[in-house]
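*Asks:*
2 protein chains.
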Amino acid sequence: MSKTEPRTLAGFMELLPEDQILFEQMKNKIEKTYQKFGFLPLDTPIIESAEVLLAKAGGETEKQIYRFEKGDTDLALRFDLTVPLAKYVAKNYGNLSFPFRRYQIGKVYRGEKAQKGRFREFYQCDIDIIGDGELSPMNDAEIPSVIYSVIKELGFDDFTIRINNRRLLNGLFESVNQKENSVEILRIIDKIDKIGKEEVIKEIAELGIEKDQIDKIMSFIEITGTSDEKLAKLQALAIDNSTFSQGLEELSSLVRYVRAFGIPEQNFAVDLTIARGLDYYTGTVYETFLNEYREVGSVCSGGRYENLAEYYTDKKLPGVGISLGLTRLFYKLNELNAIKAEKKSISDVLIIPMVDDLEVPIKIATAFREKGINTEIYLNDKKLKAKMKYADKLQIPYVIVIGEDEIQSGIVKVKNMITGEETERVIEALEAGQIRLD
Amino acid sequence: MSKTEPRTLAGFMELLPEDQILFEQMKNKIEKTYQKFGFLPLDTPIIESAEVLLAKAGGETEKQIYRFEKGDTDLALRFDLTVPLAKYVAKNYGNLSFPFRRYQIGKVYRGEKAQKGRFREFYQCDIDIIGDGELSPMNDAEIPSVIYSVIKELGFDDFTIRINNRRLLNGLFESVNQKENSVEILRIIDKIDKIGKEEVIKEIAELGIEKDQIDKIMSFIEITGTSDEKLAKLQALAIDNSTFSQGLEELSSLVRYVRAFGIPEQNFAVDLTIARGLDYYTGTVYETFLNEYREVGSVCSGGRYENLAEYYTDKKLPGVGISLGLTRLFYKLNELNAIKAEKKSISDVLIIPMVDDLEVPIKIATAFREKGINTEIYLNDKKLKAKMKYADKLQIPYVIVIGEDEIQSGIVKVKNMITGEETERVIEALEAGQIRLD
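Line by line, the protein sequences are chains A and B. Sequential numbering from 5 applies to the first sequence in this note's numbering. Sequential numbering from 5 applies to the second sequence in this note's numbering.
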């Protein structure tokens with residue numbers, strides 16, 4: 005028979021078991037943390053009607069989308085978890101309790117150019133808080149406390165949640181009469197880390213903006229110091245624009261509330277260069293950087309928006325949320341050797357029977373499982389050496405060999421595969437649920 | 005602005021939060037049980053190259069598949085988790101340890117005719133054990149012990165795992181010279197529960213099969229009694245065919261081993277009418293029925309196959325596995341009111357601040373979360389009544405209201421929302437992690 009080559013598409017992550025175990029641990033930690041803050045689970049379809057999914061889309065997104073027909077229905081795969089959330093809230097408005105706090109962890113699809121570390125199928129881990137008509141700014145301050153808990157839970161201490169307010173930027177542009185150029189200017193500012201200050205000034209000037217206006221923009225961008233110093237310097241700029249003033253007030257409150265939420269000073273900072281995309285966010289914006297692994301980029305980003313679902317409903321639904329791109333984050337951190345599995349195997353114990361009658365091995369395995377210990381019985385007919393090698397390769401931490409001698413004596417040895425130590429246990433005691441491994 | 009109707013496609017399940025919580029609980033129980041038996045996690049892409057995915061498919065499957073082009077690549081969505089497993093094992097053969105035990109829980113896609121209770125996107129929860137060249141029949145006996153644990157864990161006691169061996173049927177057909185009609189006959193026999201014995205005989209006769217051959221087939225199908233009685237009666241049929249004899253021997257051993265695995269007699273039975281599809285399974289086959297909810301159909305099915313990945317590799321990879329169709333099972337059981345959530349809310353506690361300064365509410369929430377208690381703070385500016393209603397609607401079991409009085413006295417009341425009882429707690433003790441709810 006001629007064979008088909010068993011390949012996986014470029015841009016699609018498929019892991020070997022050892023990496024998959026680590027990936028699942030990260031995913032579970034994120035999910036558990038979201039639940040700790042009382043976010044409700046949501047699971048929407050991966051396929052939606054193209055009309056629904058693209059109600060708002062345009063530009064780059066539309067080009068990248070997986071869109072196809074089945075029968076005469078125009079379908080598309082979701083490219084993020086926000087549009088499905090907007091659809092869901094608009095559709096189920098009358099059946100939800102507000103503020104509606106939901107998390108969703110699921111795969112999304114973007115037909116990006118395939119390159120190393122870029123994925124066409126990837127997990128997003130989102131939380132959003134949606135208000136009915138209004139949503140207290142306290143919610144903007146709670147989000148960083150969720151980010152803080154997630155990143156700590158993932159094992160990192162040295163990270164910074166950077167916060168800004170879009171109104172500051174918008175007000176600034178209004179004050180220098182550059183509202184119509186704001187999208188372009190923001191795009192250039194977003195690159196400052198990569199291309200440097202001089203190049204930013206040059207590119208902005210190329211838009212035909214005058215020097216004193218550029219100076220004003222740059223004096224804003226270049227504000228340095230602690231979060232409090234930055235807020236004071238923003239005040240000192242004395243920009244006479246109501247949008248700017250509102251942004252400054254919101255950002256000042258946010259800093260105060262973030263402290264109330266107990267985020268340590270070293271883990272958050274006002275960063276006036278953060279803009280987060282161009283038209284979606286309206287107030288607070290967040291990015292999160294691992295300071296030892298800056299090359300990873302922002303691991304968790306989001307912000308405040310005025311209206312979640314205006315393409316589907318007249319209801320005003322303001323919200324605030326973040327997204328963590330798990331597939332890329334896992335890929336990068338794994339490549340950098342920056343993450344380790346807490347438990348390298350699924351099985352805690354491998355029971356190796358060297359007898360035909362499996363009664364004793366099965367009874368012990370059942371007793372272990374009832375105590376919440378993942379227990380595997382090696383059921384194939386192999387030499388002891390091959391069975392031990394299997395435990396070794398799967399990094400199973402404990403092994404119990406059960407042969408005729410053990411059955412006769414009523415005593416088994418539990419072998420710790422890391423230390424090599426063996427401890428004796430009475431079979432009857434194990435079967436009765438008196439279980440200790442070391 | 006004109007609005008797009010926020011609809012979800014027919015055949016795609018999308019749940020309200022209360023149902024989603026229940027669904028997640030079922031999914032987690034299945035996953036935890038699979039892990040208890042030492043199965044490794046696997047997550048393969050939902051999109052595969054159509055050539056790879058359809059290497060084996062044909063007939064009904066091919067018609068139902070979601071297939072489309074992106075650029076000039078011919079793509080398809082997976083329609084089960086077995087084909088991706090075959091691809092994965094063939095592709096990663098050198099990097100896996102055998103027997104390779106994996107579970108996968110994920111969505112699959114079939115463009116079936118839309119009707120109530122039929123889904124086009126649904127979760128399958130699969131386990132498989134794959135051998136390298138050979139696989140001990142003990143593995144066939146372990147699978148029912150996993151099924152048993154899963155179904156018990158889902159809260160059911162009255163269920164039957166029905167087991168059969170395909171070789172018995174194949175051998176029977178060979179012995180009456182009806183090998184070439186076997187697919188057709190099996191298809192008719194599969195319907196016996198629905199159409200009855202007389203209709204089965206009539207339809208088989210319509211294939212042009214003679215009466216004494218039909219009698220032989222029916223005397224096989226109609227064997228009744230306990231599992232042991234059935235095995236004895238099969239022996240007594242004295243069918244002189246080597247395939248039949250092998251099947252009988254395998255089934256007899258399986259019953260012996262299943263008992264060794266501690267499955268109670270009332271939870272398994274030899275059922276000679278089970279065939280499970282037509283060409284994939286080669287030996288043992290399983291189906292599982294909830295006896296109080298027979299209308300649900302088999303909730304968990306599978307069997308033994310000789311060769312997992314022959315379309316991709318020359319390696320012989322025998323395996324045994326099962327699949328649980330979670331989406332349909334959830335839908336049916338929920339409709340029948342046969343499942344209840346253990347925990348109806350994600351949040352265990354709702355903290356309701358009636359003060360501006362959130363220091364105390366946040367400190368208490370943080371202490372609770374550190375103890376693994378999911379805790380939400382109501383952050384919006386509403387009247388107390390509206391806040392209590394929110395807790396009520398989300399069925400959050402405990403509420404703590406924190407107002408000026410509580411801050412002054414240093415004592416809060418923890419309200420049990422089910423009993424209405426309130427117990428006093430010292431704020432400082434809670435903050436210090438001395439947490440009791442009732």
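All C-beta atoms, glycine included, are put in the ideal place defined by N, C-alpha and C.
Looking only at C-alpha atoms, which of A:R82, A:K33, A:Q29 sits nearest to T48 of chain A?
*Replies:* For T48 of chain A, the nearest C-alpha among the options comes from A:R82.
*Asks:* With DSSP collapsed to three states, give me the class of E214 of chain A.
*Replies:* In this structure, E214 of chain A counts as coil in the three-state DSSP scheme.
*Asks:* Are the beta-carbon atoms of Y285 of chain B and R308 of chain B separated by less than 8 Å?
*Replies:* It is a contact, given that the beta carbons lie within the stated cut-off.
*Asks:* Taking the straight line between their C-alpha atoms, what separation do you get for L362 of chain A and R332 of chain B?
*Replies:* If you take the alpha carbons of L362 of chain A and R332 of chain B, they lie about 36 Å apart.
*Asks:* Determine whether the Cβ of A54 of chain A lies closer than 8 Å to any Cβ atom of chain B.
*Replies:* So no, A54 of chain A is outside the interface.
*Asks:* Counting along the chain, where does the beta strand (DSSP E) carrying L172 of chain B start and finish?
*Replies:* Here L172 of chain B belongs to no beta strand (DSSP E); instead the alpha helix (DSSP H) covers 170-179.
*Asks:* For a test of the three-state rule: what should DSSP assign to A279 of chain B, helix, strand or coil?
*Replies:* If DSSP states are grouped into helix, strand and coil, A279 of chain B belongs with coil.
*Asks:* Flag S351 of chain B as yes if its beta-carbon sits less than 8 Å from any beta-carbon of chain A, otherwise no.
*Replies:* Output row for S351 of chain B: interface = yes.
*Asks:* Measuring only the C-alpha atoms, how far is N271 of chain B from F293 of chain B?
*Replies:* Rounded to the nearest angstrom, the two C-alpha atoms are 10 Å apart.
*Asks:* Against D130 of chain A, what residues of chain B qualify as contacts under a CB-to-CB distance less than 9 Å, listed in chain order?
*Replies:* Within chain B, no residue comes near D130 of chain A; the closest Cβ sits about 15 Å away, beyond 9 Å.
*Asks:* Would you say N32 of chain A faces chain B, with C-beta separation under 8 Å as the test?
*Replies:* No, N32 of chain A does not count as interfacial toward chain B.
*Asks:* From this set, A:I213, A:L276, A:A240, which residue's C-alpha is nearest L255 of chain A's C-alpha?
*Replies:* Here the closest residue by C-alpha is A:L276.
*Asks:* Among A:G42, A:L19, A:N169, whose alpha-carbon lies nearest the alpha-carbon of Y382 of chain B?
*Replies:* Among A:G42, A:L19, A:N169, the Cα nearest to that of Y382 of chain B belongs to A:G42.
*Asks:* Do V418 of chain A and E426 of chain A have their C-beta atoms closer together than 8 Å?
*Replies:* Result yes, Cβ atoms of V418 of chain A and E426 of chain A sit closer than 8 Å.
*Asks:* Starting from L79 of chain B and walking both ways along the beta strand (DSSP E), at which residues does that stretch end?
*Replies:* 77-81 is the span of the beta strand (DSSP E), which, as asked, contains L79 of chain B.
*Asks:* Under the rule that 16 or more other beta-carbon atoms within 10 Å means buried, what is S6 of chain B, buried or exposed?
*Replies:* Classification for S6 of chain B: exposed.
*Asks:* Any C-beta of chain A within less than 9 Å: which residues of the segment 277-302 of chain B qualify?
*Replies:* Those residues of the segment 277-302 of chain B that come within reach of chain A (Cβ to Cβ, closer than 9 Å) do not exist; the list is empty.
*Asks:* Under 8 Å: do the segment 85-97 of chain A and the segment 10-28 of chain A share three or more Cβ pairs, one atom per stretch?
*Replies:* Output reads no: the segment 10-28 of chain A does not touch the segment 85-97 of chain A.
*Asks:* Among A:M358, A:G301, A:E157, which has the Cα closest to the Cα of M392 of chain A?
*Replies:* Nearest of A:M358, A:G301, A:E157 to M392 of chain A, Cα basis: A:M358.
*Asks:* In terms of DSSP beta bridges, what is V403 of chain B paired with?
*Replies:* DSSP lists B:L354, B:K419 as partners of V403 of chain B.
*Asks:* Taking C-beta to C-beta, are I196 of chain A and A279 of chain A nearer than 8 Å?
*Replies:* Their beta carbons are not under 8 Å apart, which means I196 of chain A does not touch A279 of chain A by this criterion.
*Asks:* Kindly list, in the order they appear in chain A, the residues whose Cβ is closer than 7 Å to that of Y402 of chain B.
*Replies:* Result: empty, since nearest Cβ-Cβ is about 12 Å, beyond 7 Å.
*Asks:* Less than 8 Å between the beta carbons of I350 of chain B and Q128 of chain A, yes or no?
*Replies:* Contact flag unset, no.
*Asks:* Looking at V353 of chain A and T379 of chain A, is the spacing between their C-beta atoms short of 8 Å?
*Replies:* Yes.
*Asks:* Measure from the C-beta of F83 of chain A to each C-beta in chain B and report whether the shortest distance is under 8 Å.
*Replies:* Answer no: the Cβ-Cβ gap between F83 of chain A and chain B never drops below 8 Å.
*Asks:* Give, in chain order, every unbroken run of the alpha helix (DSSP H) that is at least 4 residues long and sits entirely within the segment 215-276 of chain B.
*Replies:* DSSP runs (the alpha helix (DSSP H)) wholly in the segment 215-276 of chain B: 215-225, 231-240, 246-264.
*Asks:* Taking the continuous beta strand (DSSP E) assigned at I3 of chain B, which residues delimit it?
*Replies:* What is shown of chain B runs 5 to 442, which leaves residue 3 of chain B out entirely.
*Asks:* Any beta carbon of chain B sitting closer than 8 Å to that of F265 of chain A?
*Replies:* Yes - at least one Cβ of chain B is within 8 Å of the one on F265 of chain A.
*Asks:* Which residues in chain B sit within 7 Å of T8 of chain A, going by Cβ to Cβ distance?
*Replies:* Result: E55, V56, A59, Y315, Y316.
*Asks:* Name the residue from B:E203, B:A436, B:V112, B:L158 whose alpha carbon lies nearest to the alpha carbon of I4 of chain B.
*Replies:* Given that chain B is displayed from residue 5 to residue 442, the structure contains no residue 4 of chain B and the question cannot be resolved.
*Asks:* Examine the Cβ distances between the segment 115-129 of chain B and the segment 9-19 of chain B and report whether three or more of them are shorter than 8 Å.
*Replies:* Contact between the segment 115-129 of chain B and the segment 9-19 of chain B is present, because at least three Cβ pairs lie under 8 Å.
*Asks:* From the DSSP output, in three-state form, read off Y290 of chain A for me.
*Replies:* Looking at Y290 of chain A - three-state DSSP - the assignment turns out to be strand.
*Asks:* Exposed or buried, which one is L85 of chain B when buried takes at least 16 other CB atoms within 10 Å?
*Replies:* Per the 10 Å Cβ criterion, buried.
*Asks:* If E55 of chain A and D78 of chain A are in contact, beta carbons under 8 Å, what's the gap, nearest whole angstrom?
*Replies:* About 7 Å separates the two Cβ atoms, so the contact holds.
*Asks:* With DSSP run on the structure shown, which of helix, strand or coil describes T12 of chain B?
*Replies:* In the structure shown, T12 of chain B sits in coil (DSSP, three-state: anything other than H, G, I, E or B).
*Asks:* I want to see whether chain B comes within less than 8 Å of Q250 of chain A, judged by CB atoms only; does it?
*Replies:* Cβ-Cβ to chain B under 8 Å: no for Q250 of chain A.
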